[in-house]
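Shown next, in structure tokens, is the structure this report addresses.
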Amino acid sequence: RELTTQAGVIDKCHFIKGDMLNSIPPELAQYTHFDLIAALGVLDYIEDPQPLMEKMMTFSPHKIVISFPREGTLRSYIRRLRYKIQNLD
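When you line the sequence shown up against this note's numbering, it's residues 1414 to 1502, in that order.
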């Protein structure tokens, strides 16, 4: 909110906090489309990303941006270890 205020676009933004892993927050039910959906630092911490991706797709986004840990960081090593343990590598 601070950044959107500084950028002068706060009146064009609506912030909703929720947990889409378990269910779509009620505040989102009124929306059928988003220009952009961001999943930042999420997919490395859930066992099966498919249900979350399906929920995101119900909003017909123009783009979905997903972040993963940068190569060579502690998080990237943890991700690789987790994938190895789960036979996903």
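Glycine residues also receive a C-beta, built at the ideal position from the N, C-alpha and C atoms.
In this chain, the alpha helix (DSSP H) harbouring Ser-1489 covers 1487-1498.
Judged by DSSP in its simplified three-state form, Leu-1416 adopts helix. By the criterion of at least three beta-carbon pairs nearer than 8 Å, the region 1429-1443 is not in contact with the region 1473-1482. A distance below 8 Å between beta-carbons, with the five flanking residues on each side excluded, links Ala-1452 to the following residues of its chain, in chain order: Leu-1465, Met-1469, Ile-1477, Val-1478, Ile-1479, Ser-1480. Ranked by Cα distance from Leu-1449, the first of Arg-1495, Ser-1436, His-1427 is His-1427. According to the DSSP assignment, Leu-1434 belongs to no alpha helix (DSSP H), since it is labelled neither H nor E.
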